Structure formats: structure tokens, C-alpha cells
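Residue numbers (this note's numbering), protein chains in the order written: chain V, 516 to 677; chain B, 12 to 176. Here's the structure we're looking at; comments come further down.
Quick look at the structure:
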């Protein structure tokens, strides 16, 4: 190979380019794959979108089913809610106002449903399921989504290297 | 990951010149790939995506530690009186074959000062223009051209000194 000292820059560029492109890829260290796998394994369910969806759907079905069964099979509980609320009110004086507000809202809701039912507009299982779906989706799925976002953020913070 | 780990590691090593830092970068790249797995798993451009992410992370790394690297490169250039000279073992000066030449070139590339190696790697390996490199590294166009020229000269001298005798 002749000396390139006096060759113009373009020939030097071409020569270096050929030499560099002839270089093979360097073998990655054996520790790379284990390091990556160790970082992604701790939370497989939360990091898998399909896993998160399956958990949400399973929880939703379970909760709807259980509450629907409770609401349908224990109609007497509807009438017992005011009694329970009075007892809670007596027991937790510091939370009285909050509990009173919540129970009032729930009582009003059930009262409204009973009125509708008496007028023949609704039936126990249907309205019970609808209310269960609405309330439980708001409460549990929101909690699950919030937990997932917190966990994902914590994972990203832990995995963030640069 | 198995298909692309060599490519990612090589890209990072040639930009950073440090296998340890390159491995950290490669780990981050594959973690990002895991987060975007649904998007790139079946994509034919997965390799290009990985290379692009690797390059961007390396450039961020270089920018972040530029002041530290500038100090080290100044220390190295002081030792070489303004030129970068890599000693060649006597045993490999004779009968330099392709494998030896590639090894010398690879080592010379990694030992280049960061301000010379990164622009050279971006130009020859990433096919970026001088203007794009200057914009990425936030330096002037003339400096990029000078740094790349010096890097080529260093590699040329290194390869030629390895062929003597």
C-alpha cells in the first residue's frame, strides 16, 4: 500500500472509509444479556400491557359478580344501610360528616332505584349490576390504574441510566 | 436482542471508545426496546431504530461528559506533543495480515481522543454529513472538519507504522 502522505484529502477519506467499513462488528460482552434480563424481570405483569389488561378484566368480573350476587341475594341489605350508617356514625365521630355524606348519597341512590323498581321500570339484578359496574369500575380500576402508573414510573426511574 | 446486540455494542464502542460505557449504553438501548416492544418487534426497521437510539444515547453521553473528556484528551495530547502516536509492538510490524490490520485499526479507533473519534465515527459509520455532525455535537463546522482530518491522519499513521519492515 503506497504512502498516503501526499495524497489529497478525498483519497485519504476514501481509504479510511474502506478500512473502517471492513471492520467486523465487535462481539457484545457475555454480561450484557443477563444484565438486561435482570432489569426487566422483576415486574413482568405490570410491564406487560396484555398482563395488565387481563388483571383489570379479571378483577372487574370478580367484583361485578360478587357485588351483583350480594345485591340480588340480599335485598334486605338495602334497607339495612341506614342502620349500618347510624352505627358507623356513632363509632367514628371524627369521620361522621364524611360518612354521613357518603351514606346519604348511597341511600338516595338506592331510594331512587327502589322508586323506579316500584314503578316497574327496573328489576333488581339489572340495576344492581349496572350500579355495581359503575361504582366498582370507578373505584377499583382507578386504583389499579393509579398503582400501575406509579409502578411504571418507579420502574422507569430505576431503569434510567442516562 | 441476540440478533442486534453485537451491532448495538459495536456502534456504542466506536462512538464512545470505552467498552464499559458502551455496555451501559447497550443495556439502556435494549431496555428502551423492551418498553417499545409492541411497536418494533415485528418491524423490519428494528435494526435502524436500535442504531438510531444507540447513536442518540451516545451523543447525550458525550455531551454530558464533554468537560471531563476534554480534560483527558488534553492530557493525552500533551504526552504526544500535539500528535497522537500509538506504540506498535515489534511482533506485529512484520507480515501484517488482514486480521492484524483490523485489530490495529480497531484499537487505534478506540484510543482516539473523544473529540476526534466521535465525529469520525458519525461520518464514516453513521453516514452523517459534516453539518449534521456539527449540529449534533454543538461545535463549529470547521472544527468538525479539522477533527475528522486529524483522526484520519492518526489512523493512517497507525496503519502505516504497523506495516513497516
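Heads up, the beta-carbon is just placed ideally off N, CA and C, and yes, glycines get one too. Fair warning: this is a prediction, and the values are worked out from it, not measured in the lab.
Residue i (DSSP reduced to helix, strand or coil)
{"i": "residue 150 of chain B", "result": "coil"}
{"i": "residue 47 of chain B", "result": "coil"}
{"i": "residue 138 of chain B", "result": "coil"}
{"i": "residue 540 of chain V", "result": "coil"}
{"i": "residue 12 of chain B", "result": "coil"}
{"i": "residue 54 of chain B", "result": "coil"}
{"i": "residue 76 of chain B", "result": "coil"}
{"i": "residue 98 of chain B", "result": "Its pLDDT being 43, under 50, residue 98 of chain B is placed unreliably by the model, and the measurement read from it follows with that caveat. If DSSP states are grouped into helix, strand and coil, residue 98 of chain B belongs with coil."}
{"i": "residue 157 of chain B", "result": "helix"}
{"i": "residue 106 of chain B", "result": "Any reading at residue 106 of chain B needs caution, since the residue's pLDDT is 48, under 50, leaving its predicted position unreliable; the model's value is listed next. In the structure shown, residue 106 of chain B sits in coil (DSSP, three-state: anything other than H, G, I, E or B)."}
Residue i versus residue j - alpha carbon distance
{"i": "residue 52 of chain B", "j": "residue 123 of chain B", "result": "36 Å"}
{"i": "residue 658 of chain V", "j": "residue 580 of chain V", "result": "19 Å"}
{"i": "residue 159 of chain B", "j": "residue 536 of chain V", "result": "16 Å"}
{"i": "residue 167 of chain B", "j": "residue 661 of chain V", "result": "59 Å"}
{"i": "residue 97 of chain B", "j": "residue 48 of chain B", "result": "Its pLDDT being 44, under 50, residue 97 of chain B is placed unreliably by the model, and the measurement read from it follows with that caveat. Their backbone Cα atoms lie some 43 Å apart in a straight line."}
{"i": "residue 126 of chain B", "j": "residue 45 of chain B", "result": "32 Å"}
{"i": "residue 121 of chain B", "j": "residue 526 of chain V", "result": "23 Å"}
{"i": "residue 54 of chain B", "j": "residue 66 of chain B", "result": "19 Å"}
{"i": "residue 13 of chain B", "j": "residue 549 of chain V", "result": "12 Å"}
{"i": "residue 614 of chain V", "j": "residue 600 of chain V", "result": "7 Å"}
{"i": "residue 528 of chain V", "j": "residue 665 of chain V", "result": "52 Å"}
{"i": "residue 164 of chain B", "j": "residue 129 of chain B", "result": "15 Å"}
{"i": "residue 650 of chain V", "j": "residue 587 of chain V", "result": "16 Å"}
{"i": "residue 135 of chain B", "j": "residue 25 of chain B", "result": "11 Å"}
{"i": "residue 567 of chain V", "j": "residue 545 of chain V", "result": "32 Å"}
{"i": "residue 618 of chain V", "j": "residue 628 of chain V", "result": "15 Å"}
{"i": "residue 574 of chain V", "j": "residue 645 of chain V", "result": "16 Å"}
{"i": "residue 36 of chain B", "j": "residue 583 of chain V", "result": "52 Å"}
{"i": "residue 140 of chain B", "j": "residue 652 of chain V", "result": "54 Å"}
{"i": "residue 132 of chain B", "j": "residue 552 of chain V", "result": "29 Å"}
{"i": "residue 623 of chain V", "j": "residue 576 of chain V", "result": "26 Å"}
{"i": "residue 171 of chain B", "j": "residue 523 of chain V", "result": "17 Å"}
{"i": "residue 101 of chain B", "j": "residue 169 of chain B", "result": "Here the model assigns residue 101 of chain B a pLDDT of 42, short of 50, so the residue's position is not dependable, and the following value carries that caveat. Approximately 13 Å, taken between the alpha carbons."}
{"i": "residue 547 of chain V", "j": "residue 63 of chain B", "result": "19 Å"}
{"i": "residue 138 of chain B", "j": "residue 59 of chain B", "result": "13 Å"}
{"i": "residue 648 of chain V", "j": "residue 565 of chain V", "result": "22 Å"}
{"i": "residue 142 of chain B", "j": "residue 116 of chain B", "result": "26 Å"}
{"i": "residue 162 of chain B", "j": "residue 533 of chain V", "result": "15 Å"}
{"i": "residue 91 of chain B", "j": "residue 29 of chain B", "result": "Only weak support is given to the placement of residue 91 of chain B: the predicted model assigns it a pLDDT of 43, under 50, and the question is left unresolved by the model."}
{"i": "residue 596 of chain V", "j": "residue 68 of chain B", "result": "59 Å"}
{"i": "residue 15 of chain B", "j": "residue 539 of chain V", "result": "14 Å"}
{"i": "residue 598 of chain V", "j": "residue 656 of chain V", "result": "29 Å"}
{"i": "residue 147 of chain B", "j": "residue 17 of chain B", "result": "24 Å"}
{"i": "residue 152 of chain B", "j": "residue 27 of chain B", "result": "21 Å"}
{"i": "residue 119 of chain B", "j": "residue 57 of chain B", "result": "30 Å"}
{"i": "residue 620 of chain V", "j": "residue 585 of chain V", "result": "19 Å"}
{"i": "residue 110 of chain B", "j": "residue 31 of chain B", "result": "24 Å"}
{"i": "residue 149 of chain B", "j": "residue 23 of chain B", "result": "19 Å"}
{"i": "residue 630 of chain V", "j": "residue 41 of chain B", "result": "60 Å"}
{"i": "residue 663 of chain V", "j": "residue 21 of chain B", "result": "35 Å"}
{"i": "residue 73 of chain B", "j": "residue 155 of chain B", "result": "15 Å"}
Residue i, enclosing alpha helix (DSSP H) - first and last residue
{"i": "residue 532 of chain V", "result": "524-536"}
{"i": "residue 18 of chain B", "result": "16-27"}
{"i": "residue 555 of chain V", "result": "547-555"}
{"i": "residue 634 of chain V", "result": "From DSSP, residue 634 of chain V is part of no alpha helix (DSSP H); its letter is neither H nor E."}
{"i": "residue 120 of chain B", "result": "109-122"}
Distance cut-off 6 Å: residue i Cβ against heavy atoms of the ligand GTP
{"i": "residue 548 of chain V", "result": "Looking at this structure, you won't find the ligand GTP or any other ligand, since it has none at all."}
Quick one, which residues of the stretch 531-550 of chain V are near chain B if we go by CB-CB under 8 Å, in chain order? 531, 532, 534, 535, 536, 537, 538, 539, 540, 541, 542, 543, 544, 546, 547, 548 and 550
Quick one: which residues of the stretch 143-165 of chain B get their C-beta closer than 8 Å to a C-beta of chain V? List them in chain order. 160, 163 and 164
May I ask you to list, following chain order, the residues of the stretch 116-139 of chain B that have a beta carbon less than 9 Å from some beta carbon of chain V? Correct list: 116, 117, 120, 131, 132, 134, 135 and 136.
What residues from the stretch 620-636 of chain V come within 8 Å of chain B, judged by C-beta to C-beta, listed N to C? Correct list: empty, as no residue qualifies.
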